[in-house]
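**Q** The sequence shown runs contiguously to residue 76 in my numbering. Sharing a structure below in structure tokens format, with a few things to ask.
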Amino acid sequence: QRKDEVEVMEISQSGYVQMVARSLLFIGRKGKGRTARSPHTFLRIDVHNGVPPKFVIRPFIVEKLKNKWSSSAIKPFVIQNL
-5 QRKDEVEVME ISQSGYVQMV ARSLLFIGRK GKGRTARSPH TFLRIDVHNG
45 VPPKFVIRPF IVEKLKNKWS SSAIKPFVIQ NL
């Protein structure tokens, strides 16, 4: 959701820093005051055996609205043949 948190960086043992992932998922804010919605997103990544491995990406959304937390899942997608 924030521009400064869209990239996942990795630091090698030698100190080399490289980006290993970038989020292009944006779930925007809606409303004002008590009806304001401020969603937070995260991913669950399941790695399946094989050559090459298959990655099943499961995006989730959690948000607090009127002092209650709710969660929902977005349709998973698969990455393979990297």
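C-beta: ideal position from N, C-alpha, C; glycine also. Note that the coordinates shown come from a computational prediction; the quantities given were computed from them, not determined experimentally.
(1) Can you have a look at Glu1 and say buried or exposed, based on whether 16 or more other CB atoms are within 10 angstroms of its CB?
(2) Buried or exposed for Pro33, please, with buried defined as at least 16 other CB atoms from any protein chain shown within 10 angstroms of its CB.
(3) Tell me which same chain residues have a C-beta within less than 6 Å of the C-beta of Met13, skipping the five on either side of it?
(4) Using a Cβ-Cβ cutoff of less than 6 Å, which residues in the same chain neighbour Gln(-5) once the five nearest sequence positions on both sides are dropped?
(5) His42 to Ile51, Cα distance in whole Å?
**A** Working from what's here:
(1) exposed
(2) buried
(3) Glu1, Met3
(4) Low local confidence applies: a pLDDT of 45 at Gln(-5) is under 50, so the model's placement there is unreliable, and no value is given.
(5) 11 Å
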